[in-house]
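Reading through the structure tokens given below for one structure.
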Amino acid sequence: MSYISLIRPRWSDMDVYGHVNHANLVTLLEEARIPLLFGDAVRAGLTELPKGIVVVKLAVHYRSPIVVSDQDIRVEISLKDLKHASFTLGYRVHDGPAGADKVAVTAETVLAPFDTGTERPRRLTEDERAFLEKGFADA
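Per the working numbering, numbering through the sequence shown is continuous, rising by one, with the last residue being 244.
Structure below.
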């Protein structure tokens, strides 16, 4: 299953051609996952996960440009891989708000929990692993 997030690109996200700029698209991916990994995680009682998550790896594949307009874009996020010290999220970015709108971008991020006190990566707790598995299964 996928977690669905609707994000509205801003005028400042576009390049000179009216397309969403690469760096800004990466920011939109981040904005799409924040409600789950921060808001929903806190509501589930997970206090450490939102304190530190770092991007270990990022891959973005463009199928077509996303044009800035006055509508949301649909970002479908799925859990691709869950390890003890990292997890991989897959993204399908539609050029509009509906599932039937064209998929313009696919992407993946490998994320790792990070202990900001020790400034070191850490392992996911069992509760965090269960939250990630459930968060995407219930989406």
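Yeah, the Cβ is synthetic: ideal placement off N, Cα and C, and Gly gets one too.
Predicted model only: the values in this text are computed from it and were never measured.
What separation, rounded to the nearest whole angstrom, lies between the Cα atoms of ALA137 and VAL125?
Position 32 of the sequence shown, counting from 1, holds the residue named residue 137. Position 20 of the sequence shown, counting from 1, holds the residue named residue 125. Those two C-alpha atoms are separated by around 15 Å.
Kindly confirm or deny that the segment 158-169 and the segment 199-217 touch, where touching means at least three C-beta pairs closer than 8 Å.
yes
Please classify THR152: does DSSP put it in a helix, a strand, or coil?
Reading the sequence shown from its first residue, position 47 is the one you call residue 152. THR152: coil per DSSP, three-state reduction.
Count the other CB atoms within 10 Å of the CB of PRO140; is the residue buried (16 or more) or exposed (fewer)?
Looking up residue 140 in the sequence shown gives position 35. Exposed, by the Cβ-count rule.
Just reading off the beta strand (DSSP E) that LEU184 is part of, what are its end residues?
Position 79 of the sequence shown, counted from the first residue, corresponds to residue 184. Unbroken beta strand (DSSP E) run through LEU184: 178-187.
Give the DSSP-derived three-state secondary structure of VAL147 in the structure shown.
As a working mapping, residue 147 is identified with position 42 in the sequence shown. Residue state, collapsed to three classes: helix.
In the DSSP assignment, the alpha helix (DSSP H) including VAL131 goes from what residue to what residue?
Indexing the sequence shown from 1 puts residue 131 at position 26. Where VAL131 is concerned, the enclosing alpha helix (DSSP H) stretches over 127-139.
Give a yes or no on whether the C-beta atoms belonging to LEU130 and LEU187 are separated by under 8 Å.
Sequence index remark: in the sequence shown, residue 130 carries index 25 (1-based). Sequence index remark: in the sequence shown, residue 187 carries index 82 (1-based). The answer is no: Cβ separation not under 8 Å.
Does DSSP classify ASP220 as helix, strand or coil?
For this step, residue 220 is matched to residue 115 along the sequence shown. Note: ASP220 maps to strand in three-state DSSP.
Here's the rule: buried if 16 or more other CB atoms are within 10 angstroms of the residue's CB, otherwise exposed. What is HIS127?
As a position in the sequence shown, residue 127 is number 22, starting the count at 1. It counts as exposed.
Just how far apart, CA to CA, sit SER107 and LYS185?
Numbered from its first residue, the sequence shown carries residue 107 at position 2. Numbered from its first residue, the sequence shown carries residue 185 at position 80. If I take the Cα positions, the gap works out to 10 Å.
Comparing C-alpha positions only, which one of HIS189, ASP220, PRO170 and VAL215 sits nearest to ASP120?
To locate residue 120, count along the sequence shown from 1; it is residue 15. Measuring from the Cα of ASP120, the nearest candidate turns out to be PRO170.
How is LYS239 classed by DSSP in three states: helix, strand or coil?
Taking the sequence shown and counting its residues from 1, the one referred to as residue 239 is at position 134. In this structure, LYS239 counts as helix in the three-state DSSP scheme.
So which of GLY157, ALA205, VAL198 and THR230 has the shortest CA-CA distance to PRO223?
Against the sequence shown, residue 223 aligns to sequence position 118. The sequence shown places Thr at residue 223, rather than the Pro named in the question. Of the listed residues, the one whose Cα sits closest to THR223 is GLY157.
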